[in-house]
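Number of protein chains: 2
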Amino acid sequence: MRVDSRRSPGQRAGLTRDAVLAAARAVLATDGIQCLTMRKLAERLGVRPNALYSHVTGKTELLDAILDDVLGEVATPAHDGDPRAELRRLMTSVHDVAREHPDLVPHYLAKRGLRGPNGRKLRAATEQLLARASLPPDKASEARRVLAVYAIGFAAFSETPPSGPVGDGAPPMRDSFATGLEWLLAGILGE
Amino acid sequence: MRVDSRRSPGQRAGLTRDAVLAAARAVLATDGIQCLTMRKLAERLGVRPNALYSHVTGKTELLDAILDDVLGEVATPAHDGDPRAELRRLMTSVHDVAREHPDLVPHYLAKRGLRGPNGRKLRAATEQLLARASLPPDKASEARRVLAVYAIGFAAFSETPPSGPVGDGAPPMRDSFATGLEWLLAGILGE
DNA sequence: AGCTTAATTGGACAGCGTACAGTGATGCGC
DNA sequence: GCGCATCACTGTACGCTGTCCAATTAAGCT
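The listed protein sequences correspond, in order, to chains A and B.
Counting along the first sequence from 1, when you hit position 44 you're at 24 in our numbering, and nothing is skipped either side.
Counting along the second sequence from 1, when you hit position 2 you're at -18 in our numbering, and nothing is skipped either side.
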């Protein structure tokens, strides 16, 4: 991936916004968010740091874009399944995706909201499922918020539990997530 | 607060760890976490930045200490009340405190866990309430985790909602929190 | 072919957290 | 009360960060 052929000013490296995003995601996956720095990213792309700013307005926009990309990995619900089952699958998928990209969760929580297109799609899909479960719109948006908070918030706590001595009696995180999710669904949809 | 009298090396400024923490909390409250920098903090205390390192091992420890301080603001539950009501009050207090210190929430979520003494106290209190509601220990720790995730996670989403046009029909955040909390308590304690 | 546009470099700036060595007041043992 | 070790603080500096500006040149359009 690294192309460190020296270039004089004016020479092009053939960068793309997508290439930058892909490289950033690679760094994120292998080295963590601490190492995702403009300079390291540029070095990996064989480019001076400033070059990135031709394809990205800044670091936060970069992170926003990656975040929305990742949100696209969430499994979209079927249009005809049982709403309760689909909601369960959808929120579990959200939770799983969040856990696969732990470094992004704090950034997501800091930005508070699903601003990108994939995020909006996700929000719409959730609300549609709640509507199909015949919740009135205001109840639906309330429930959607509760579910989103729960799914993402849980992911924030899930990684690297301190895990003192081996197996401190607590059930694995994902099972705890499923338990709480059932409670919430019961409250939202009635049992 | 600012004492910018020049000092030559060797002269003392009479700093205390508590003074540093207090000043940090003040900066946090008035200017936000972006402005909470070692240098700005030192300036406010009329001191060179390095001086802080005599009372604090680094910035992250500083934040940890503040975080645990803040956790001390949570209202501790009564020892004899109805467990369900006490749990409701306790988690609402956690949520309120988290909302009052929004900048700390991401740091809390990044650290994942209640490491300081106040945090441990909080955890113990919650688990005790759950035990008094006659949950077996493993169920109790699972439920505690679910509740903590919910209360803190919700706070992460609560501040400055994008709030497009005035009043977009969604109920206020705190009410949504209460609604979801009832759902969870119903699931945990049975209804 | 000429001209505009956009990608890239070189260099720089301000800011960050923090380490190291020196200095001198403070507090403790006698 | 004296001597000495400790510790809080300054001065300086290092390496790192995100980002801006001007100069350079390739690519694309007419």
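The C-beta atom is built at its ideal place from N, Cα and C for all residues, glycine as well.
For T40(A), the enclosing alpha helix (DSSP H) begins and ends at K39 to L51. Judged by pairs of C-beta atoms under 8 Å, the region 30 to 49 of chain A touches the region -11 to 1 of chain A, as three or more such pairs exist. Setting aside the 5 residues that flank it on each side, L43(A) is surrounded in the same chain by H87, each with a C-beta closer than 6 Å to its C-beta; the list follows chain order. Residue range P97 to R112 is occupied by the alpha helix (DSSP H) that includes Q108(B). Here S(-12)(A) carries a coil assignment [DSSP, helix/strand/coil]. Contact annotation for I132(A) against chain B: G133 [CB-CB distance below 8 Å, chain order].
Runs of alpha helix (DSSP H) with 4 or more residues, each lying fully within the region 113 to 141 of chain A, are found at 117 to 138, listed in chain order. Under the Cβ criterion of 8 Å, T40(A) is not counted among the residues facing chain B.
For D76(B), the enclosing alpha helix (DSSP H) stretches over residues P63 to E80. Within 7 Å of the CB of S156(A), the CB atoms of chain B belong to E122, R125 and V126, in sequence order along the chain. In chain order, A(-7) place their CB closer than 7 Å to the CB of R(-13)(A), counting only its own chain and leaving out the 5 sequence neighbours on each side. Chain B places no beta carbon closer than 8 Å to that of E80(A), leaving this residue out of the contacts.
Residues of chain A with a Cβ closer than 8 Å to the Cβ of L164(B) are, in chain order, G160, W163, L164 and G167. For P86(A), the C-beta contacts it makes with chain B under 7 Å involve P86, L89 and A90, in order along the chain.
By the rule that beta-carbons nearer than 8 Å mark a contact, A105(A) does not touch chain B.
Any Cβ of chain A closer than 8 Å to the Cβ of V129(B) would place that residue at the interface, and such an atom is present. Per DSSP, the continuous alpha helix (DSSP H) segment holding S156(A) begins and ends at M153 to L169.
When Cβ-Cβ separations below 8 Å define contact, A136(A) makes contact with chain B.
Apart from the 5 residues on each side of it in sequence, G160(B) sits with its Cβ closer than 8 Å to the Cβ of Y130 and F134 in its chain, given in chain order. The alpha-carbon of R95(A) is positioned some 10 Å away from that of A45(A). Around the Cβ of S121(A), a 10 Å sphere holds 16 or more other Cβ atoms; the residue is buried. When G61(A), V77(A), P82(A) and A158(A) are compared, the shortest CA-CA separation from L110(A) is found for G61(A). Apart from the 5 residues on each side of it in sequence, S138(A) sits with its Cβ closer than 7 Å to the Cβ of R79 and M153 in its chain, given in chain order. Taken through DSSP and simplified to helix, strand or coil, L16(B) comes out as coil.
Within the same chain, and ignoring the five residues on either side of W163(A) in sequence, no residue has its Cβ closer than 8 Å to its Cβ.
Taking a contact to require three or more Cβ pairs closer than 8 Å, the region 70 to 78 of chain B and the region 13 to 26 of chain B do not qualify as touching.
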